[in-house]
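What follows is one structure encoded as structure tokens, with my remarks underneath.
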Amino acid sequence: MLDPISALAVATSAVQFIDFSSKLFSLIRDTYRSKSEENGWYKDLQAKASQMSTLNACLTETITPELLCRDLLPLESETVSIGKECQRVANQLSKELESITPTSADGFRTVVKRALKALWAQQDITQLQDRMAECRQALMMSILADIRQQLLQPKETTRPLHKNSRENWGGAQSLPEWLKHQKSHNAQWQSNLSEAVIHSSVTMVQEVDRAPKSVELLLPAWRDSLVTSTIGHKLFQKLHFDDMLHRTHQIPEAFAKTFEWIFHEPSIDDEEVVGWDNFRSWLKGDSDTYWITGKAGSGKSTLMKMIFYDSRTPDLLNAWSGSSPLIMASFFFWNSGSKLQMSREGFLRSILHQAIDRRRQHFLTTEPTKLDAFGLSVDSSDDRREKKWKWSDLTQALRLLIEEEGPEPVHYAFFIDGLDEFSGDKSDLLSLFKTLGAYPNVKLCISSRPWVEFEDAFKQKPNLMLQYRTMADIRHYVGRKFDDHPGFRELQLGDQQYAVALIDSITAKASGVFLWVVLVVRSLLEGLAEGDRISDLQRRLEDIPPELDDLFKNMLGSLNPTHFKHSSELFQIFRATRRKISVLTMSFADEQDTQYAFHRVSGPLSEEETYYRVVSMCRRLKSRCKGLLEVSSSTTRSSSLDHWSRLHADKEATELSDTDPESMLRPDAQAAYDSQKLRMRDYQNLANAPVEYLHRTVKDFMATPDIWNFITQATDSSFDAEACLSRSYILHLKTRPIDAVMITEAIFWDDVSWAMEYAASVAATNTEYHVKLLDELDKAATSLCTTPDKDGDTYLGKLELPLSSHWSAIISKASETDFIPFAVRCQLGAYVIAKLQDNPTTTENYTKLLSVAMHESGLPFLRREGKTPSPKLVDFLISKGADPNDATKDGSDGEHRSLYLLTSLNRSTDTIYDGETVVRNGERRIHGMLTSDFLETRDSPRNSPVDRRYFASPSLSQQNFKSEISSRTSRSFFPRRKKRDTGG
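As numbered in the UniProt record's numbering, residues 1 to 984 make up the sequence shown, in order.
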């Protein structure tokens, strides 16, 4: 006898059927009420009527006691009854539509609408819709109840998982506690389930149309349901972030045949056995944590990447996990990357995303899982900005993930690199690692520099001090690099003994720091290429400092004096960036002609211009920055350089192109370009490659005050890196191809918002230039949005916006025709004040702008933290006659908006608005107080006795400021005068 089909499976499918039928009834109603004369709806209506008839026939024929192998539940019987009614209406609709011909005297659409309206009345569809809505709600409640019930059913287990878990996890709860807490969040579960049903019902209909009808198709198990996959997909979307794997790809691969010892048993004769515990034994055994540590630049990240991706790692871990499924996940902290790449949020999002994805591949149960429930609990509403997570929610998800039940719980091995690059309270992560290590189904491999807090946490665990193990690897690396160079082969012929001694000297002097070796080998190979004598090579080696910081100083000191000013500019531009910067963006920012962004006519870059820009920028980075800034190796290995590899047949060129953008710069590159016309995607890939520091140690070196002062002193006060970057993004706007289809909102707003961000920073030192930058940005954006493409379409037209609209309407959804209101929304106070001083407007317009400033400041795409209105701008608008009483009318919170303005100035951190600092701690600016007093008197604030008291003192102590807020909020804050007689 077959197993009964669960009520959960029935309800999950039935709710999709009912959802589709509800949509058709809504379409019928909208059609007969519509005034549109378009005729495309007719075939769509016919098709959907046919689909609804088929679907409901399948539903009623499948939900039977015979096929379910059990009696029907009352809710299932009601579902079948509704299905039969829907099928009858669908059949009647199809019949009515087939009977109407386009030759009807009253007009085809009129006749159809009349028939639909009659059908609606005859079949009493309104009553049926009510039944469907009630049934849909009941089915969803049944699904949620079944999920909770099945999760709480005891499962067979072979061993306890954790002791004292409640205390160690902090706020994360066990499954029963969490489910109990979630009862108060039932609305969120229903919302997510409803969204999953809506998204999956259309796909379900398509699958039913394509495939033969079967019980498995119509009533799939929970695990195979489209609703379940939709819930999981939404969770993946929210966990994912763009830079999640960037650092992993950016780390160089281990040089051939290095680090192989990590997978071998230590030899008794091993001269480097000191300083490490057997890693192979750790992978196979029950020990929870392995700590890899070592000097900066010793190769920790490269080793971690090799371990994670090497097939021997899971093979050895399987000895630990046994017959249980094994899941591996990794995260590489990076303090030169985005906030998420160096944060605990990014760490857990990445780990969870990988682990959940791989876990679903292993789980064969047809029942709901804890992660399904967690997906239903998450607020998955979309946001223009990066989706935020609470730490408590992420740790809750992690706890639900690893606390497996059953005879074969999933085993997890987490590889976490660069703990010293984490930005935040490291005790939070260390506490989490301690908690995770107490689970028998979890292993942690962690790498960091040997800082005190990490030594205290991990010194009792198996560990490896990397610099004590890499002497043989360094010797191998140096020997291979030298052997591949013709200059060294010539040296071997001339003096074999010195050639060997040179390799030994480098190996000894390296002290286990691989990065030092790479830079030294690069320098000595340059000497060999230039024909250096043995004495020259020896002097070159002796002059190289043994410590990385001293080596970096040496590299900067070796710059051609004529290049040092340019080098300083490049370093300042790079340090001023607030995101990854591409080669092409760096090229625009490094444009020698500072007026180029203003006089360039809008239009796409030619292939030749793009090629020249990216290749010459790579050359300048190498010659001016001595390799301390370089193009990301992870990107340069992709299609652009692979194509160059195909162009050069000799082995040396091919090897170079696989690892270094210098292959783009070979003397024969231009000839290859001229003869083969490099494909656009090939050098566009290099144009989009990010520029990065050579290594974390370079970033630390540059952050040293003495070094940074030394670098910045090479440029005069007229150089402004923020202005360079603003011009760069303006040039991106001007050089985008005019193609309404290819332009996306993400690309457009990326250029606009970053141009504005950097321009805003210029206001503090040069308001006139700040205004000039934003005026040019406005022109460039206007041109891109209103210029017709080859098909005559514009970007504004594509978005169904009138050409008279200002481009800012794309995001603000307002109907302004100029840049000023949008600049107010974006808190660009210095710009707005300067423009309105030159071009005054009416009191009515000043009041409208004040309303925008107080209600709509801080658009979602802005990167700035501050969301409160600019006090300087509010003060200016009031001084020009804006009426704050009218400006604060805003629906439910109308009159209290100004109180918000006042209290928002009392936050705990500093905020900068275009160069104006509002001091949050200690002394306070009085802009908000000024505004609120004006609201009380409705007269000029400078004539108010209270305001004269405040103006007599330029600042107010924090204590008095808070007291004033408290006293004002305890009484009517806005006493109103009688309304003026407007004659209305």
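Cβ coordinates follow ideal geometry from the N, Cα and C atoms, glycine included.
Would you give the residue range spanned by the beta strand (DSSP E) that residue i belongs to?
i	result
glutamate 417	Residue 417 is actually aspartate in this sequence, not glutamate. Note, aspartate 417: beta strand (DSSP E), 411–417.
proline 690	690–693
glutamate 630	629–631
serine 330	326–332
threonine 293	289–293
valine 442	442–448
My guess is that residue i and residue j are in contact by the Cβ rule of under 8 Å, so how many angstroms apart are they, rounded?
i	j	result
arginine 136	valine 15	6 Å
alanine 853	leucine 828	That pair is no contact at about 11 Å.
phenylalanine 402	valine 442	It is worth fixing the name first, because residue 402 is isoleucine in this sequence and not phenylalanine. Isoleucine 402 to valine 442, Cβ: 6 Å. Contact.
threonine 794	histidine 806	Not quite, the Cβ-Cβ distance comes to about 13 Å (not below 8 Å), so this is no contact.
If you reduce the DSSP assignment to three classes, tell me which class residue i lands in.
i	result
leucine 72	coil
tyrosine 769	helix
alanine 57	helix
tryptophan 749	helix
isoleucine 581	strand
residue 1038	Residue 1038 is absent from the structure shown; the chain starts at 1 and stops at 984.
methionine 586	helix
threonine 712	helix
serine 77	helix
asparagine 560	coil
tryptophan 222	helix
asparagine 463	strand
tryptophan 754	helix
tryptophan 276	strand
phenylalanine 574	helix
Buried or exposed for residue i, going by 16 or more other Cβ atoms inside 10 Å?
i	result
aspartate 720	buried
aspartate 751	buried
isoleucine 18	buried
arginine 533	exposed
aspartate 716	exposed
arginine 624	buried
alanine 187	exposed
cysteine 826	buried
histidine 264	exposed
glutamine 713	exposed
histidine 695	buried
histidine 599	exposed
serine 892	Legend: pLDDT at serine 892 = 41, less than 50; position of this residue unreliable, no value from coordinates given.
aspartate 668	Note that aspartate 668 has pLDDT 44, beneath the 50 cutoff, so the model's placement of it is unreliable and no number is given.
valine 478	buried
phenylalanine 20	buried
glutamate 692	buried
serine 761	buried
methionine 304	buried
glutamate 501	Per the sequence presented here, residue 501 reads as alanine, with glutamate not at that position. The residue in question, alanine 501, is exposed, as its Cβ has fewer than 16 Cβ neighbours within 10 Å.
isoleucine 747	exposed
Going by DSSP, what residue range makes up the alpha helix (DSSP H) through residue i?
i	result
residue 987	As shown, the chain starts at 1 and ends at 984. That puts residue 987 outside it, with no answer to give.
serine 623	607–625
proline 314	312–321
glutamate 591	It is not in any alpha helix (DSSP H) - glutamate 591 carries neither H nor E in the DSSP assignment.
tryptophan 178	175–182
asparagine 845	843–855
leucine 430	426–437
leucine 371	370–377
Closest Cβ-Cβ distance between residue i and chain D: below 8 Å?
i	result
aspartate 483	In the structure shown, chain D cannot be found, because there is only a single protein chain.
Exercise for the section: Flag this pair as touching only if the segment 46–64 and the segment 249–269 have three or more C-beta atom pairs under 8 Å; answer yes or no. Expected result: no
Problem - Three CB pairs or more closer than 8 Å across the segment 126–143 and the segment 346–354 - result: no
Handout entry: Any 3 or more C-beta pairs closer than 8 Å across the segment 537–554 and the segment 723–731
Key = no
Problem - Touching by the beta-carbon criterion (3+ pairs, under 8 Å), the segment 337–345 and the segment 232–249 - result: yes
Problem - At least three beta-carbon pairs within less than 8 Å, the segment 321–331 to the segment 279–291 - result: The segment 321–331 makes no contact with the segment 279–291; the number of CB pairs closer than 8 Å stays below 3.
Practice task
State whether the segment 416–423 contacts the segment 443–450, with contact taken as three or more CB pairs (one from each stretch) at a distance under 8 Å.
Solution key: Under the 8 Å Cβ criterion, the segment 416–423 counts as touching the segment 443–450, having at least three qualifying pairs.
Exercise for the section: Count the CB pairs spanning the segment 585–604 and the segment 729–738 that are closer than 8 Å, and state whether there are at least three. Expected result: yes
Exercise for the section: Indicate whether the contact test is met: 3 or more Cβ pairs, each with one atom in the segment 166–178 and one in the segment 50–63, closer than 8 Å. Expected result: no
Problem - Touching by the beta-carbon criterion (3+ pairs, under 8 Å), the segment 301–318 and the segment 563–572 - result: The segment 301–318 is not in contact with the segment 563–572.
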